[in-house]
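Those letters in the sequence shown? Residues -21 to -1, 1 to 804, per mature numbering (1 follows the signal peptide of the UniProt record, and there is no 0), in order. First the structure, in the form of structure tokens, and then the observations on it.
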Amino acid sequence: MIQSNLFRSLVLLLCGVGALAHVVSPSCGRAQDQAALPTRGAVDTGDSEFVTLPQQISPQPTSPAASGAEVLFGIEGLFRVGCWTGVRVEGDSQPPPRVVTEDGDGVSVAYVQANGPANGPTNERPHGSAWTYVIPGSEAAPLVIQRAVSQPEDATTNPQAAERQATERQAAGNDGATGNDDATGNDDATIVTRFPPIGSPTRESSQVPLGMPWVVCFGDPLGVEQIGANALLKRDATVAVSRPSAPEHLPDSVIGYDGVDLIMVEASGIELLSALNPAQQEAITQWVHSGGRLLLMLGKSLPQWKSAAPWLLDFLPASPDSDWMRVELEPAAIEAFTSTQTPLTPFMGIKLPRGVGEVIITGRTTRRVSTPIAAEYVAGLGKVTVITADLNEAPFVDWPQRLDLVTSLTGSLLQSDNTPFTKTNRATAYDDLAGQMRSALDQFQSQSRLGFSLVSLILIGLIALIGPLDYLLVNRVLGKPILGWFTFPLMAIAISVLLVLQARPVAVADSEDASGSSANSAAPAPADPQANSGLHSNRVEIVDLDVESRLGTVFTWNTLYTHEACQLDLSVTPSAAFAGFSKRIDSNLTFPFGFPGRSFGAIQVTGESARLPGYEVLLDTTSSAWTSKLSDLPLAPRSSKSFASQLRFVVNIADDLSMQSRSGTELLEGSLSNPLPVDVLNGMLIYRNWIYFLPTRFPAGARIASVDSLRQKNFRWQLSRQKALESATETESWDPAATASLERIAEIMMFHDAVGAARYTGLKNEVLSGLDFSDVLTSERCILIGKLAKPVTQFRGENGFDDTIEVDKSLSMMRLVIPVTSKQR
């Protein structure tokens, strides 16, 4: 009897826990691998090819003897997880048609050239580029590179077969064989390896962790590669430095510089810069205009710069032929700036233009004429720092304070942020502001969630049913143990039905969400639960426009949730509201978005989603406008998946749009017009540390006669919700666990440094640091910011699922950077 009761109790516990697991779905953004997925939107069940990464790949890259070629990663072997990374095979003249790795959720993803061997003629790119670009999703992520156009099917579409063949060839090589498989030819067709793990970026190919500055040096790194290093303590440098040795080692697209913090250029790098092809030059130019930082050293080598790399001088605000000349400069200003005890001798430099930019060091020539020696200029959304000296030549080559001078010119950019997680934030699992945004996007109105306390009560109830109620009532009170075989299945069925009913999608109405943004009006939420069992989406969209450089970007972060298993073909394309924003679209990339580890509050588990089928990112890089889309993206039952898109275009705004500042103040004057083709909601005009509140709706083409009539407030007070009381001030503290308002999180993300960075939020801002425009708030720029009534991008799918997506929360923010001229009185 006791054994029978124990058996019934065990079965009931297993049934209850199984049903409970069906209700409680993880909220960390990883797709579950609980069931086999139907293909093509859970409608079409036809055949489809999937790629599953091998789970037992050797952690070391394949040797050249086994693979037949060397694989180049990133820029001189350095890259960041979660960022676009260039991959090429040494000696190949064309990019690999197919590269397979895994995304941030551990799912196999293949980056396929859209016009590769499986889709058309051989891929042809301008200037004979051999680069392809992928996003590694984890440390030491697996990598399978397909090189050959024709080879046996199992090696082409099945990385396990490729791995097995590579292992056999390696074993044959160890036995004295040549390492080549003449029968199949797969030795040169498929390369099975891994991305390098986190190591020492100063000594080997390595992943660059978030928080470590990454510098690309053209020429002498000037000791930057030794910052933080200590041979006695066996401590590596805290700055990762890539020093390209050949032009073919540099990417030919702006996405290849994703994750780079600074580019340093000095005279010994002139030869390398002169050998760059137009695509590589344009990649650096776009990177700087998109928010990159550039450090230029222009001394007596200015004539060589004019002939070898004149495109670099275009970043500066004046024409070198008319405004610059070489002069002899006194070193006293640099000596005072670095507080050195080692004097310098006069050196040759150039005269920088006056009255523009932010002067860092002011000195004088040997003729006692005042001139800027170091200055910082705005270039689009980025910044260019110029020093009028060749620091790799005398008198600076042996000067002890040369590295101090470089670090002082770059500010905090070369300071590593490796603060322990337990000291930065204890309230949440994530330590980055992007993790808070991900948590907010992962909250769906149609998703039923059970808190930990309720789960505990359910487990206690299961134990109570198994023990006291079942045993005491049936055996002791009724005295009929045989009834246990009837009460047990009844309780198991009742509990399972209750939990399954609880797991149903919640019926929601089309209403204003907590963030103040409404759902997509084109797709109203249905009233019956059955209709809510489809796809749901939360999305944040940030539109950035720069008047001076004519650069426009749209970053979209989308999170999809499904109650049923499905596979999707999707991309993000411009919507009808985008009409009038651009003259030309340069690129439109849709890609998986996710970071393993503490940034998003998740742990990294290798092969966690191994049973999910793989999907593809189809890249078309042959036309002037690069595009990509996701094919067969798998979503497990009751799971969510994040993906992002980056749209780059040429802005369609009048060239003469500008504002005027009052001389000697941080205030603006004059009129303000809305040059956009859409209305701006809840708009604000930001200049330096002041903010002007616009009307609730600023119509397209409308004009405000004078900004003096607008209400003004301290910008940092507005960000921190600080207000003045009778005898003190009160500041609203930041809650890292708050996920109710997308707009509030996006506001802090867009000006994180201005509000005090981690000192205010308790979180880092490393994953999406490129969205922070705090550095753009200079005396020469103001920003018009506001919300858009309708998003400028939309979902598109080949199987028609885009019409069935219910948008739970949607936020579209816009920032327009306007040049400011100083009015002389």
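C-beta: ideal position from N, C-alpha, C; glycine also.
*Other residues of its chain near P188: CB distance less than 7 Å, five sequence neighbours each side excluded*: For P188, where only same-chain residues beyond five positions count, the Cβ hits under 7 Å are I177.
*Do the stretch 74 to 91 and the stretch 194 to 205 make contact, defined as three or more Cβ pairs closer than 8 Å?*
Judged by Cβ distances under 8 Å, the stretch 74 to 91 makes no contact with the stretch 194 to 205, as fewer than three pairs qualify.
*Please look up how many angstroms separate the CB atoms of P715 and Q415, rounded, as I've assumed it's under 8 Å.*
The pair is a contact, with the Cβ atoms about 6 Å apart (cut-off 8 Å).
_Output needed for S801: all residues of its chain with C-beta closer than 8 Å, excluding positions within five of it in sequence on either side, in chain order._
Cβ neighbours of S801 beyond the five flanking positions: Q639, S640, S642, S758.
*Inter-residue spacing [alpha-carbon to alpha-carbon] between S184 and G65*: Taking the straight line joining both Cα atoms gives about 13 Å.
*Using the rule of at least 16 other Cβ atoms within 10 Å of the residue's Cβ for burial, across every protein chain shown, is S578 buried or exposed?*
Under this definition S578 is a buried residue.
*Could you check where the alpha helix (DSSP H) with A48 kicks off and where it finishes?*
In the DSSP annotation of this structure, A48 is not part of any alpha helix (DSSP H), being labelled neither H nor E.
*Cβ neighbours of L360 in the same chain (closer than 8 Å, five flanking residues each side left out)*: Around L360: H268, S269, G270, D523, D525, S528, L530, F752, V755, V796.
_Using the Cβ count rule (16 or more neighbours within 10 Å means buried), how would you classify Q320?_
So Q320 ends up on the exposed side.
*Would L651 pass as a contact of A768 if the rule is Cβ separation under 8 Å?*
In this structure, L651 sits away from A768, with a CB-CB distance that is not shorter than 8 Å.
*How about F534 and Q625: do their beta carbons lie closer than 8 Å?*
In this structure, F534 places its C-beta atom within 8 Å of the C-beta atom of Q625.
_Below 8 Å, how does it come out for the stretch 627 to 638 and the stretch 552 to 569: are there three or more Cβ pairs, yes or no?_
Touching, yes.
*Kindly give me the distance between the Cβ atoms of V357 and K330, rounded to whole angstroms, as I take these residues to be in contact under 8 Å.*
Between K330 and V357 the Cβ distance is about 20 Å, and since that is not below 8 Å, they are no contact.
*Cβ neighbours of Y236 in the same chain (closer than 6 Å, five flanking residues each side left out)*: If you ignore the 5 residues before and after Y236, its C-beta comes within less than 6 Å of the C-beta of W266, all in its own chain and listed in chain order.
*In three-state DSSP terms, what is F400?*
Since pLDDT at F400 reaches only 44, below the 50 mark, its modelled position is unreliable, and no value is offered.
*Inter-residue CB distance, T181 and D231 (contact presumed, cutoff 8 Å)*: Not confirmed; about 26 Å, so no contact.
*Span separating the alpha-carbon of V385 from that of G735*: Taking the CA atoms as reference points, V385 sits about 25 Å from G735.
*Cβ-based burial, E645 [other Cβ within 10 Å; buried from 16]*: Per the 10 Å Cβ criterion, exposed.
*Relative to the C-alpha of V60, which residue among C761, E745, D293, L469 is closest?*
Of the candidates C761, E745, D293, L469, the residue whose Cα lies closest to the Cα of V60 is E745.
*Check whether the Cβ atoms of V519 and L790 lie closer than 8 Å to each other.*
Between V519 and L790, the C-beta spacing is below 8 Å.
*Integer Cβ distance of T532 from S619, believed to fall under 8 Å*: The beta carbons of T532 and S619 sit about 25 Å from each other, so the pair does not count as a contact at 8 Å.
*On the premise that I762 lies in contact with I665, defined as a C-beta separation below 8 Å, what is that separation, rounded to the nearest angstrom?*
Right, their Cβ atoms sit about 5 Å apart.
_Pairwise C-alpha distance: F570 and S554_ = Using only the alpha carbons, I get a separation of about 18 Å.
*Rounded to the nearest angstrom, how far is the Cβ of A258 from that of P226, given a contact under 8 Å?*
The beta-carbon distance between A258 and P226, rounded to whole angstroms, is 11 Å. This is too long to meet the 8 Å contact definition.
*asked:* I need the straight-line Cα distance from F350 to D369, nearest angstrom please.
replied: The amino acid at residue 350 is misidentified as Phe; the sequence shows Thr. About 17 Å.
*Kindly indicate the opening and closing residues of the beta strand (DSSP E) around E355.*
That run of the beta strand (DSSP E) goes 349 to 358.
*Where the beta strand (DSSP E) through A623 begins and ends*: 618 to 630 is the extent of the beta strand (DSSP E) around A623.
*asked:* Buried or exposed, going by whether 16 or more other CB atoms sit within 10 Å of the CB of W605?
replied: In this structure W605 is buried. Its beta-carbon is surrounded by 16 or more other beta-carbon atoms within 10 angstroms.
*Do the stretch 726 to 733 and the stretch 406 to 423 meet, that is, are 3 or more Cβ pairs less than 8 Å apart?*
As far as the Cβ criterion goes, the stretch 726 to 733 touches the stretch 406 to 423, which means the pair count is three or higher.
*Coarse secondary structure for V78, derived from DSSP in three states*: Strand at V78.
*For E69, count neighbouring Cβ atoms within 10 angstroms of its own Cβ and tell me buried if that reaches 16, exposed if not.*
With a threshold of 16 other beta carbon atoms within 10 Å, E69 falls short and is exposed.
*Classify I177 as helix, strand or coil using the three-state DSSP reduction.*
Strand, per DSSP.
*asked:* Just verifying my parser: in three-state terms, what is the DSSP assignment at K330?
replied: Of the three classes helix, strand and coil, the one that applies to K330 here is coil, per DSSP.
*CB-CB under 7 Å to P325, same chain, minus the five flanking residues each way: which ones, in chain order?*
Excluding residues within five positions, the ones whose Cβ falls inside 7 Å are E307, L308, E309, P310, T345.
*Expressed to the nearest angstrom, what Euclidean distance is found between the alpha-carbon atoms of L704 and W696?*
Rounded to whole angstroms, L704 to W696 spans 13 Å at the Cα level.
*Give me the Cβ distance between T367 and G248, rounded to the nearest whole Å; I'm assuming they're in contact under 8 Å.*
T367 to G248, Cβ: 17 Å. No contact.
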